[in-house]
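*Asks:* Would you mind keeping the following structure in view while I ask a few things?
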Amino acid sequence: MSKYAIIDIGSNSIRYGEEREGRIPDKEVFTTRLGAGLAQTGRLAEESVEKSMEVLKELGSRAKAAGLVPRAYATSAVRDAENGREFAARVERECGYPVEILSGEDEARFAYRGAVRGGGAMLDIGGASMQVVTEDMGVSFRAGCVRCGDIAREAVGVSDCDTEWRLQQEAVVRYMDEEIKLPPIVIGSLVGVGGTITTLAALKAGLTEFSRETVDSTRLSRGDVRDLIERLAEMGDNRRLHPLLKERHDVILYGAYILLHAMELLNVEDMGVSCSDGLEGYLSELKKREGESPEKPSLFKLFTAFNRIGAFTFGGGYAMLPMLERECVEKTGWVTHDELLDYFAIGQCTPGVIAVNTATFVGKKQRGIMGAFAATAGVVLPSFIIICVLTALLANFADIPVVKYALHGIRVAVGVLILNTVIKLVKEKIKEPLGYILAILAFLLVALPSTLGLPFRVSPVFVVIGAALIGVIRGRLRKEGDA
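Per my numbering, residue 724 is the first one in the sequence shown, and the count goes up by one each step.
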């Protein structure tokens, strides 16, 4: 099967990512403003076209030199421009690879496929368009940061985003209210993608250098976005001096205001952020067309991955959590953080070893029953072999001083690894008062009595079941309130 380099020809920038083990771990961004002036002229500007062609030629050569097949897709600017098809044909002719011009629906679908796991809705703000997608529907609107910026400046009669900014905000709202006609939908959880949203998340986190891991674990509330708008407006022309804004300094305010207004229209108070988006979704589509799914590892790969986890984890089921997170979430993307926590919680409530149950869940999700067998066998086999070998030696082995010291050090290290993973998961997943209340109650009912040796303690099974019931009740109440 082919290995791809994916090129996203957007309205504000061109993005490039190389496939590694069915994923795109790193992306590069080249700001070419292909959609600049499109709202006024209906055409791609010659200067932007030439700048984009230069980048696209370089990326095609780089991909081929790396032994990858370059494949490009174009979004709103090329789709809407009178000379969009002419531009796509020129890219294929001069750069040597095809450009697929996506419909608004396909653009939304691919972004959703790349960003969302386990349900929910997605919001993608690009340079010339905005998409709102759920499991059941997807809509695209001509309301990106470059397009809205052009419209706002023309409406107010200014040449930059800082002059008469309040009047420009009003112009953006008028345009969005005319352009965006949302069907009746109820949004539970929302994930935001695209350069505007990921940049705002990085700014909220205080970054000066982009970190995918940090951005993926950041949430944005309406209050956060309002604060960022005020902060960015106060910076004025100094925005161009910020390392994360030098290529977005003149459009980020429009994008932030689009995001705020979109959250208000969707009646969403806060949202998650994902660096995975249309690049991953388009790669998945290419693999699907070839008859290969990048999300389905071989049985052997499942076995070896969980074999490593089983071989290098010392301690109980909780000690496996850091390695499960590293292998299944960060390295392979087989499951999300949320899914891993769900599997671990269910594993706590069902018979058997927590980590083994979790391995079975992951294997079943990836490759069905055979995947469940492969993952379970992989995680159990190392301890089975080691215990069989050590059984005959146990009487003498346990009393060897060196072994005692080694086990003591291992226990300390494992404790720190568990604590680090727990802190990370708590920071990422507890974002509202109810979550903190449940966490404190769980600590008081389970962890504190166990730590202090108190006779009264509640089984973790009842704590998990109780938390699940509270979550269901809260979700139903929120859904009724939104309806």
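Even glycine gets a Cβ: it sits at the ideal position worked out from N, Cα and C. If you're wondering where the values come from, they're calculated on a predicted model, not measured in any experiment.
Going by DSSP, what residues sit across from Ser736 in a beta bridge?
*Replies:* Position 13 of the sequence shown, counted from the start, is the residue given in the question as residue 736. Answer is Thr754, bridged to Ser736.
*Asks:* With Phe864 as the anchor, note down where its alpha helix (DSSP H) starts and where it stops.
*Replies:* Here the question's residue 864 lines up with position 141 in the sequence shown. Not the alpha helix (DSSP H): Phe864 falls in the beta strand (DSSP E), residues Gly861 to Phe864.
*Asks:* DSSP three-state label for Val856, please.
*Replies:* As a working note, residue 856 is residue 133 in the sequence shown. It is a strand residue.
*Asks:* On the three-state DSSP scale, how would you describe Ile910?
*Replies:* The residue labelled residue 910 in the question sits at position 187 within the sequence shown. In the structure shown, Ile910 sits in coil (DSSP, three-state: anything other than H, G, I, E or B).
*Asks:* Tell me the rounded alpha-carbon separation between Val856 and Val996.
*Replies:* Working through the sequence shown from its first residue, we reach residue 856 at position 133. Working through the sequence shown from its first residue, we reach residue 996 at position 273. Their backbone Cα atoms lie some 14 Å apart in a straight line.
*Asks:* Give me the Cα-Cα distance between Ala894 and Pro821, rounded to the nearest whole angstrom.
*Replies:* The residue you call residue 894 lines up with position 171 of the sequence shown. The residue you call residue 821 lines up with position 98 of the sequence shown. Approximately 38 Å between the Cα atoms of the pair.
*Asks:* Where do the N-terminal and C-terminal ends of the beta strand (DSSP E) with Asp847 fall, by residue?
*Replies:* The sequence position of residue 847 within the sequence shown is 124, counting from 1. Here the beta strand (DSSP E) through Asp847 covers Ala844 to Ile848.
*Asks:* What residue does the alpha helix (DSSP H) around Ala956 start on, and which one ends it?
*Replies:* Within the sequence shown, residue 956 is the residue found at index 233, counting from 1. Ala956 -> alpha helix (DSSP H) spans Arg945 to Met958.
*Asks:* What are the residues that DSSP puts in a beta bridge with Ala728?
*Replies:* Stepping through the sequence shown from its first residue, residue 728 is reached at position 5. Beta-bridge pairing links Ala728 to Glu741 and Pro793.
*Asks:* Have a look at the DSSP bridge pairing and note the partners of Val916.
*Replies:* As a first step, residue 916 is located in the sequence shown; it is residue number 193 there, counting from the start. Answer is Asp847, bridged to Val916.
*Asks:* Using DSSP with H/G/I as helix, E/B as strand and the rest coil, what is Ile824?
*Replies:* For this step, residue 824 is matched to residue 101 along the sequence shown. Strand at Ile824.
*Asks:* State the Cα-Cα distance for the pair Met1043 and Cys1051, rounded to the nearest angstrom.
*Replies:* As a working note, residue 1043 is residue 320 in the sequence shown. As a working note, residue 1051 is residue 328 in the sequence shown. Straight-line Cα distance between these residues: approximately 11 Å.
*Asks:* Hey, how far is the Cα of Leu1025 from the Cα of Glu1048?
*Replies:* In the sequence shown, residue 1025 corresponds to position 302, counting from 1. In the sequence shown, residue 1048 corresponds to position 325, counting from 1. Their backbone Cα atoms lie some 15 Å apart in a straight line.
*Asks:* Mapping DSSP to helix, strand and coil, what is Arg971?
*Replies:* By one-based count along the sequence shown, residue 971 stands at place 248. The answer is coil: DSSP assigns Arg971 none of H, G, I, E or B.
*Asks:* For Ser734, count neighbouring Cβ atoms within 10 angstroms of its own Cβ and tell me buried if that reaches 16, exposed if not.
*Replies:* Within the sequence shown, the letter at position 11 stands for residue 734. With 16 or more Cβ atoms within 10 Å of its Cβ, Ser734 is classed as buried.
*Asks:* Starting from the C-beta of Ser852, find all residues in its chain whose C-beta is less than 6 Å away, skip the five residues before and the five after it, and write them out in chain order.
*Replies:* As a working note, residue 852 is residue 129 in the sequence shown. The answer, listed in chain order, is Ser799, Ser863, Arg865 and Gly867.
*Asks:* Please go through the same chain and pick out, in chain order, the residues whose beta-carbon is closer than 8 Å to the beta-carbon of Glu1034, but skip the five residues on each side of it.
*Replies:* For the purposes of this step, residue 1034 is identified with residue 311 of the sequence shown, where counting begins at 1. The residue asked about is misnamed: residue 1034 is Ala in this sequence, not Glu. Once the five neighbours on either side are set aside, the close Cβ partners of Ala1034 are Pro1105.
*Asks:* Three-state secondary structure (DSSP) at Val1181?
*Replies:* Here residue 1181 is taken as the residue at index 458 of the sequence shown, counted from 1. In the structure shown, Val1181 sits in coil (DSSP, three-state: anything other than H, G, I, E or B).
*Asks:* With Val1169 and Arg1180 assumed to form a contact (beta carbons below 8 Å), what rounded beta-carbon distance in angstroms separates them?
*Replies:* Start at 1 with the first residue of the sequence shown, and residue 1169 comes out as number 446. Start at 1 with the first residue of the sequence shown, and residue 1180 comes out as number 457. Indeed, because the Cβ distance is near 6 Å, the residues count as touching under 8 Å.
*Asks:* Between Gly760 and the rest of its own chain, which residues show a CB-CB distance below 6 Å, the 5 nearest in sequence each way excluded?
*Replies:* By 1-based counting over the sequence shown, the position of residue 760 is 37. If we look at Gly760 and ignore the five residues flanking it on each side, its Cβ neighbours are Ala768.
*Asks:* Gly1094 by DSSP, collapsed to three states: which one?
*Replies:* Locating residue 1094 in the sequence shown gives position 371, where the first residue counts as 1. Gly1094 falls in the helix class under three-state DSSP.
*Asks:* Can you check which of these residues, Glu957, Ala1082, Val752 and Val1139, is closest to Cys998 by C-alpha distance?
*Replies:* Translated into positions along the sequence shown, residue 998 becomes position 275. Residue Val752 is the option with its Cα nearest to Cys998.
*Asks:* Grab me the residues of Leu905's own chain with a C-beta within less than 8 Å of its C-beta, minus the 5 sequence neighbours each way, in chain order.
*Replies:* The sequence position of residue 905 within the sequence shown is 182, counting from 1. Val855, Val862, Leu988 and Leu989.
*Asks:* Kindly give me the distance between the Cβ atoms of Tyr1005 and Phe833, rounded to whole angstroms, as I take these residues to be in contact under 8 Å.
*Replies:* Taking the first residue of the sequence shown as 1, we reach residue 1005 at position 282. Taking the first residue of the sequence shown as 1, we reach residue 833 at position 110. With a Cβ gap of about 5 Å, Tyr1005 and Phe833 count as contacting.
*Asks:* Buried or exposed: which applies to Val1184, given that a residue is buried once 16 or more other Cβ atoms fall within 10 Å of its Cβ?
*Replies:* Within the sequence shown, residue 1184 is the residue found at index 461, counting from 1. Result: exposed.
*Asks:* Which residues does DSSP pair with Gly872 in a beta bridge?
*Replies:* Here residue 872 corresponds to residue number 149 of the sequence shown, with the count starting at 1. None; Gly872 has no bridge partner.
*Asks:* How far does the alpha helix (DSSP H) with Met899 in it extend, from its first residue to its last?
*Replies:* Taking the first residue of the sequence shown as 1, we reach residue 899 at position 176. Residues Trp888 to Glu902.
*Asks:* For a quick check, are the C-beta atoms of Leu943 and Leu967 less than 9 Å apart?
*Replies:* For the purposes of this step, residue 943 is taken as the residue at position 220 of the sequence shown. For the purposes of this step, residue 967 is taken as the residue at position 244 of the sequence shown. Their beta carbons are not under 9 Å apart, which means Leu943 does not touch Leu967 by this criterion.
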